[in-house]
Structure formats: structure tokens, C-alpha cells
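Engineer: Just so we're aligned, residue 1 is where the sequence shown starts under full-length UniProt numbering, counting upward by one. Here a beta-carbon is modelled for each residue, glycine too, at the ideal position from N, C-alpha and C. If you scroll down you'll find the structure; I have some questions about it.
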Amino acid sequence: MNTKRVVALIIAAVLLFFSIGINTIISIFKTDFFTSIDNLMGTESLTYESVVETGDLTNRIAHLTVDGVIQDVGEPSIWETVDYNHQQFMEQLDAVLEDDTIKGVVLSVNTPGGGVIESEEIYQKLLKIKEEKQIPIYVSMGSMAASGGYYISAPADKIFAQRETITGSIGVIMQSINYGKLAENFGVEFETIKSGEHKDMFGGVRPSTKEELAMLQEMIDESYEHFVDIIEAGRNMSEAQVKKVADGRVLGGTQALRAGLVDEIGNEEATINALRKDFGLEDAELFEYTMDTSSWGSLLGVKLGSMLRPSAESEVLSKIISTTNSPRMMYLYGDY
């Protein structure tokens, strides 16, 4: 075997070893490896409490935040973060339910809305907190609290919006892309075997029939009426009052105030101060739930994640490949 061949084999072996090593590391971080370590060490904790304003430890105010599209997209990985972690937020609501020292909740809402299911889950949990704990919930709307954002705000005892807040967009939407004609232009043909006439309805490969559109409209209308009922109950408004502005339109803060959808114009600080004053909680501790960064997985994951993070192009491609095109009903404003 000549020298060149030996060198070539050595280089090939090194490249193979390097490739296997990188793939192994990536696989580790795509699994619950570090979660398992945290479980063994007894250190796993998704959230911890961060004190914002010190005060009476037996009378506390929990400050919760919904920021981003209300959608359950799973846990974040080391490659990317999520603006809104649905399961983590639901766990925070459960923590409020179980803590007898919490005497009030301020919920900051900054979202265009999101999934019908996720919005309903938050709504039901907030109702449970009000009914079982008999404590006030005040909402502070940020730059946007539209559609599902208003849905989860509706049960609050008092809603504050800023003049520049975009809210409203009360309604339900379902969208799908019909790329059938585009496929024809490129000579792409779809072969479909289905068990029923409507199995591929609204799937994007053919136009929907009038009968199918009527089926979907019935679903939308039912969900819309439920949305209206939620606002009627939460805001003590009549159906006519709600439907006057529940046609999908967006409203600014002052418009929402005139329509009865919010109670006062004010920012987050004004919301907290009002809750303190209205319920004698001037001396109460104010705290937030925050992600726990002390676990093995979090600490090591952040470090290696920054070193091994793929390119922006790879991240975009990964999202395109992994995102399903299946239509779903949404309480959502805008193209998100």
C-alpha cells in the first residue's frame, strides 16, 4: 500500500469519526438525555419564582404573561426558543391554583391569538382559579390582545388596555392553500385513494365543493357563537352588544373602552396598582414565574446550543419541512 493511499484512508477515517461524533451529539440533544439526568439528580424544575416587589409573603400577587401566538408547539430545543410555551404556562396556572398565599393575579396579554383548543384551555383554567380560589384576575393588554388574546382576557374582573393596544378581532378563521393549479403548471398530478367522498376536503389539492364549504362553515359558526357566549358571560354584555363589534374588526384601546370590551386605559403598572388598591393588597409581594436555568440540561444545553446552532437557512428549511399544512380553526388575527 503506497503512502498516498495510507494518507487517504487516514483522512477518510478522521472524517468518518468526526461525522459520527457530531451526529451523536446532535442526537443527544434531540432526546431527553439531560432531562433524564435532571430526574436522577432530583433537579428538574420547569419554573421558579422571581420576586419583583418584596412584601407580605402570606398575601401575594402572581404576575403571569402570555406573549406570542397561543399555540402548543411543544418544548423548545437547544436550536431554537419559542415565544410562548403553552405547557409551561398551563403549569404556572396550576401552581396558582395550589398556592394559598396568592391573593390576586395580574395577567399581561400580548398576542394576536392562536389555537381554539389552547385558548379554551387557558380560559377554563382561569375560570377555575376564580371559582375555586375566589381571587381577582386583572388583565393588562400590551401592544396586541386580539382574537384568542381577547378570549383569554374575557373572564378577568377588570381589563386594562393602552390607547395603542390592538384588540378585538373577535371571530374564528380557518385557512388552507389550494395549490392544485400551481401543481398542474409543473406537470404534477395527485393520485388519491380515499375511503369517503370528503376524506381529502380542504386539503389543498382540489377546490372544495359547496357541500364541503357548508360543513366547514357550520363548524366555524358554532365556534364563533361559543366565543360570543364567553364575552357575554365575562363582560356582562348582551348578545346584541357583543355582535355589534364581533365581526372580526380590530379596535384600538379607546374604541374597545367605548364598546365595553375593556374597563380602563392604563399600562401594566397601572393594572398592578389598581389590583393592590381595589383589594387591599398594597403590601403584597409581587412575583413572576420564570424558567429554571439551573438544571444540568438547561446549563449545558445553552452552552452547546450556542456552539452547535445551525445556520439561519437550515432553521428555516427545518420549519418548512416539519410544519403541517393541515387546516385548523384559529382565534387568530393577522398572518402568523
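Helix, strand or coil for His63? Go by DSSP, reduced to three states.
Structural biologist: strand
Engineer: Find the nearest neighbour of Glu49 within the set Gln92, Glu282, Glu269, judged by alpha-carbon distance.
Structural biologist: Gln92
Engineer: Is the beta carbon of Arg60 sitting closer than 7 Å to the one on Ile102?
Structural biologist: yes
Engineer: To the nearest angstrom, how far is the alpha carbon of Gly305 from that of Asp83?
Structural biologist: Reliability fails at Gly305, whose pLDDT of 49 lies under 50, so the model's placement of it is uncertain and no value is given.
Engineer: Output needed for Tyr123: all residues of its chain with C-beta closer than 8 Å, excluding positions within five of it in sequence on either side, in chain order.
Structural biologist: Tyr151, Ile152, Ala154, Pro155, Ile230
Engineer: Using the Cα positions of Leu257 and Glu264, report the straight-line distance between them to the nearest angstrom.
Structural biologist: 7 Å
Engineer: How would you label Leu213, buried or exposed, when you count the other beta carbons within 10 angstroms and need 16 or more for buried?
Structural biologist: exposed
Engineer: Quick one: what does DSSP say Arg328 is sitting in, helix, strand or coil?
Structural biologist: coil
Engineer: In whole angstroms, give me the CA-to-CA distance for Asp283 and Gly55.
Structural biologist: 5 Å
Engineer: Quick check on this structure: which residue in Ala62, Gly280, Thr47 has the alpha carbon closest to the alpha carbon of Leu286?
Structural biologist: Ala62
Engineer: Heavy atom of the ligand PLP less than 6 Å from the Cβ of Gln241, yes or no?
Structural biologist: Looking at this structure, you won't find the ligand PLP or any other ligand, since it has none at all.
Engineer: Rounding to the nearest angstrom, what Cα-Cα distance links Met330 and Gly114 in this structure?
Structural biologist: 6 Å
Engineer: Going by alpha carbons, who is nearest to Gly203 out of Arg328, Gly252, Val69, Ile70?
Structural biologist: Residue nearest to Gly203 within the set Arg328, Gly252, Val69, Ile70 is Arg328 (criterion: CA-CA distance).
Engineer: Using C-beta distances below 8 Å, list every residue in its chain close to Asp200, excluding the 5 sequence neighbours before and after it, in chain order.
Structural biologist: Thr192, Lys194, Arg206
Engineer: Which value, in whole angstroms, describes the spacing of the CA atoms of Val105 and Thr209?
Structural biologist: 48 Å
Engineer: Straight-line CA distance for Ala246 to Ser238?
Structural biologist: 12 Å
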